[in-house]
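Participant: Residue numbers (the working numbering), protein chains in the order written: chain A, 1 to 170; chain B, 171 to 527; chain C, 528 to 1043.
Glycine included, each C-beta is placed from N, C-alpha and C at the ideal position.
This structure is a prediction, so every number in the text was calculated from the model and none was measured.
First, the structure itself, so that you have it in front of you.
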């Protein structure tokens, strides 16, 4: 993680392969869908429990799809990203984003564990306090991950030419 | 061409309308016939139970007369009578209580109808639900003459106001002598000799007013409202009978049960009657505008009868029902009866039927 | 701008907009939500013999003061049975199932008493809404406490004070009482399927535990809505308001009320007797958790020595229970009930003297552990009396007051008894809880207030040749029903055993022994 960035990476990334690109776009789409449905559950579901139930169901399905896609995609993305990132700040923010995503997904998956067990015929659920903690983690990790994702997409990971020259002179 | 077609069209439309009208009037006529036959069965069922009420009341009167004769033989000295005829008096009181329960049950079966028909409503007050003259409403309008010549003015209803507290010693003022009726060496509450004079007068009045009820009931011409009222007031008594059966499974001698016999035979008889009344008098009405509801009600009756028949068959075959099973069966019967009644009432509302009672 | 953002932004926006759009569409296309519950006009043949209120609004549950938040009756099939709640809340179910709250509407003694009252008048069943409002609120709210029951039955209505009847409460009036509760039983329930509840339990608790409900059900006000009972002309012959049960006010005006020791603290503590002892020792810390056991004073309904008769008296088995489990749970709760009762009272000899051939002595009967009067509730049946026996040195009984005849189930009529009496319009005592013909409530001796005592004085003639030291035996007895009531309503000679709350033996020379 702290290894010097390779100099040959001072140019912008080569365009991503089409499949990879499509996957990342799908992930973005799912992420936004999850954010929207999550906000509904957080803010509006109390108005009508049964419409909330449909949204919750959609949220769970999207969440599972998102988790699966991300799990397959993230490894290659991290490897290529590490190779191409020239700015330690970007690298660190990216690791932070990944951490938030793991927290978000882990929280979500742990929350769905009782459902999975119920469907398997076992009734078990987290204590009230643990449920509160998981909900808290899931919600705030989602908010932070959204900001992190925007930052990740907006911030450049390459160095400007003059910065590179100065660094080379130094 | 188009005019011809129009005329042809009009003619066929008219023919269709006529056919439809015929078929509708045919249905109405069929429904009416079925309903009329059904209403006759409602009246017959009620009169049958009224006749049983009279028969039971007469048996009760005879039993009380026998009791009173023993007391009279000792010149009204209850202590002397007890000293001389312990066993006979104890047996007589047990018989009187059993007969009272049978008589009361017969009345409970037709109570809803009696209370619901304007011409017979007064009998409900006299026999079962009326207040004494000291109350301001629902007074049982009759006086009770006693064998000793006294007349009790507006004394209240005969079943729960007079005979029940009298025969079970619930009112200490009517207890003549506390005795060890069951011979267990202790005198518990309810072990007593009651006032024979009042008992005989009240038992005679039960017979008298049951017969008067039958006279007015014979003149009754049941209508659709009466048919619905009959079914919705009689069906829930099935739950009570089943409840008594259920309780008889629970109550053992250790706490002095007095409900000991199976009530399943009664349940079967009354339920059969209710089913017949529904199928013949009410079903055609309900089915005419809600066939699905009619089918649900019919299924309910079938389910209830089959539950009772199975349970009764098992009991006759020697099955001893345990607490849990008797409880479950009782609850199930009650639940089905409640559902049936709720549905019949909903059907009554749909058909703008008036339920009295 | 960075190419990745350019590429992803439309997809992110699309996802966000699509999800918002979908939700808006769902909201827009969703059929107009029908007001939950059932309109009064939709209950066929529902009887309203008591007319509207002062503002002309119908009073479908009167004479009970029970209400629903949206003013509508409940749809029985939407009310969850406790057995369904037990799928996840097993511990709470196991605590609640043996409790008196669970059998409030099915206990046979109660049921028979209601039936006897119903038979008193032609609109007796409708009058019984007064009783059922607290004992079987589900039945009343569904519109089944009616001569013609046109509403389908449900399990929940047979479960007395079942889960939703408390966990949807939004308002209580503990001074008016008579079931003065408002329940959001139509609007405050979520109707979520079990997997969805498990996926988002917070939403489930939001629905059932709306902030106002959680605060309310933790307060004494909530209990007071039913544990305050007044008779008026709607359900009795009383011409002025008669206070039948004043448990809330007794508590509110006591040391316990002033120190915020609530009903729930004692009656829902996991070990109520231990908690009462803790309070008696001056430690006012709240219990570590609130159990759903509602331990009270009715020891009879936990007397497993009655065998299957106990199941009969308790009205059969609740949905979700087997006979074996029922017995296990009852045994556990019975123990807690008996221990709580023993933590309530104390006896103390205050004075004794022999003069002029008379033995005079005074016993202080103390309310040591109850946060309300002792006894409390509707005490025409539940009552307490003091038994005292004076013996000489040889053990011969010289004086006996308050003897209990275990064969007939009768108490010495001259005993010192704490009981209220129902009286009819002619002033005659009504021994069998006939509310609908009660005109007046009188007290033989009112209950002993919390942390208070009642000094009872006796005087007994003493022969000159009595050999001392004299021994004074005292016992404070409690009984849940009178024998007249048990016999008249059930017509069985079940002798209701009394329960010894406290006992003490004094040697009038000084050596004393007390229990518990």
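Taking only beta-carbon atoms, is residue 129/A less than 8 Å away from chain C?
Facilitator: no
Participant: Do residue 683/C and residue 607/C have their C-beta atoms closer together than 8 Å?
Facilitator: yes
Participant: Which chain C residues are close to residue 55/A, counting only those with a beta carbon under 7 Å from its beta carbon?
Facilitator: 550
Participant: Between the region 849 to 878 of chain C and chain B, which residues of the former have a C-beta closer than 8 Å to a C-beta of the latter?
Facilitator: Those would be 849, 850, in chain order.
Participant: For the candidate residues 658/C, 1027/C, 534/C, whose alpha-carbon lies nearest to that of residue 772/C?
Facilitator: 658/C
Participant: Give me, in chain order, the residues of the same chain whose beta-carbon lies closer than 6 Å to that of residue 765/C; leave out the 5 immediate sequence neighbours on both sides.
Facilitator: 758, 759, 966
Participant: Could you please give the first and the last residue of the uninterrupted beta strand (DSSP E) stretch that includes residue 323/B?
Facilitator: 321 to 323
Participant: Going along the chain, which residues of its own chain have a beta-carbon closer than 8 Å to the beta-carbon of residue 35/A, five neighbours each way excluded?
Facilitator: 142, 146
Participant: Going by alpha carbons, who is nearest to residue 452/B out of 380/B, 358/B, 515/B, 507/B?
Facilitator: The shortest Cα separation from residue 452/B among 380/B, 358/B, 515/B, 507/B belongs to 515/B.
Participant: Hey, out of 722/C, 530/C, 948/C, 781/C, whose CA is closest to residue 747/C's CA?
Facilitator: 781/C
Participant: Of the residues 749/C, 662/C, 1029/C, which one's Cα is nearest the Cα of residue 629/C?
Facilitator: 662/C
Participant: If contacts are defined as beta-carbon pairs under 8 Å, then residue 30/A and residue 62/A qualify, I think. What distance do you get, rounded to the angstrom?
Facilitator: 5 Å
Participant: Just by C-beta distance, which residues in the region 709 to 722 of chain C are closer than 9 Å to chain A?
Facilitator: 716, 717, 718, 719, 720, 721, 722
Participant: Please name the residue in 922/C, 910/C, 964/C whose C-alpha comes closest to that of residue 940/C.
Facilitator: 910/C
Participant: Beta strand (DSSP E) containing residue 917/C: first to last residue?
Facilitator: 910 to 918
Participant: Would you identify the three-state DSSP class for residue 786/C, choosing helix, strand or coil?
Facilitator: coil
Participant: What number of angstroms, rounded off, separates the C-alpha of residue 555/C from the C-alpha of residue 711/C?
Facilitator: 26 Å
Participant: How far does the beta strand (DSSP E) with residue 327/B in it reach, from first residue to last?
Facilitator: Looking at the DSSP string, residue 327/B is not in any beta strand (DSSP E), and its letter there is neither H nor E.
Participant: In whole angstroms, what separates the C-alpha of residue 848/C from that of residue 672/C?
Facilitator: 26 Å
Participant: Using only the alpha-carbon positions, how far apart do residue 271/B and residue 433/B sit?
Facilitator: Going by the C-alpha atoms only, they are around 12 Å apart.
Participant: What does the alpha-carbon distance come out to for the pair residue 297/B and residue 306/B?
Facilitator: 18 Å
Participant: Restricting to runs no shorter than 3 residues, where is the beta strand (DSSP E) found entirely within the region 596 to 627 of chain C?
Facilitator: none
Participant: Can you give me the start and stop residues for the alpha helix (DSSP H) that residue 921/C sits inside?
Facilitator: First-last for residue 921/C: undefined, no H or E at that position.
Participant: What residues from the region 654 to 672 of chain C come within 9 Å of chain B, judged by C-beta to C-beta, listed N to C?
Facilitator: Using a CB distance below 9 Å, the part of the region 654 to 672 of chain C facing chain B consists of 671, ordered along the chain.
Participant: The beta strand (DSSP E) spanning residue 137/A covers which residue range?
Facilitator: That residue, residue 137/A, is in no beta strand (DSSP E); its alpha helix (DSSP H) goes 128 to 154.
Participant: Please identify the residue among 833/C, 569/C, 702/C, 924/C whose C-alpha is closest to the C-alpha of residue 778/C.
Facilitator: 702/C
Participant: Around the Cβ of residue 525/B, are there at least 16 other Cβ atoms within 10 angstroms (buried) or fewer (exposed)?
Facilitator: With 16 or more other Cβ atoms inside 10 Å of its own Cβ, residue 525/B counts as buried.
Participant: Using a cut-off of 9 Å between C-beta atoms, extract the partners of residue 1014/C located in chain B.
Facilitator: Under a criterion of Cβ atoms nearer than 9 Å, the residues of chain B adjacent to residue 1014/C are, in order, 338, 339, 340, 358, 359, 360.
Participant: Is there a C-beta anywhere in chain C that falls below 8 Å from the one on residue 138/A?
Facilitator: Judged by the 8 Å Cβ criterion, residue 138/A is not in contact with chain C.
Participant: Could you give the residue range of the alpha helix (DSSP H) that holds residue 362/B?
Facilitator: Not the alpha helix (DSSP H): residue 362/B falls in the beta strand (DSSP E), residues 362 to 364.
Participant: Would you check if the region 946 to 964 of chain C and the region 917 to 934 of chain C touch, i.e. whether three or more CB-CB distances between them fall below 8 Å?
Facilitator: no
Participant: Using only the alpha-carbon positions, how far apart do residue 280/B and residue 203/B sit?
Facilitator: Those two C-alpha atoms are separated by around 25 Å.
Participant: Hey, could you find the ends of the alpha helix (DSSP H) residue 778/C is sitting in?
Facilitator: 774 to 779
Participant: On the three-state DSSP scale, how would you describe residue 377/B?
Facilitator: helix
Participant: Let me make sure I understand the geometry here. Which of 846/C, 907/C, 935/C, 632/C has the alpha-carbon closest to that of residue 621/C?
Facilitator: When each option's Cα is compared against that of residue 621/C, the closest is 846/C.
Participant: Is residue 1020/C close to chain B, meaning its C-beta is less than 8 Å from at least one C-beta of that chain?
Facilitator: yes
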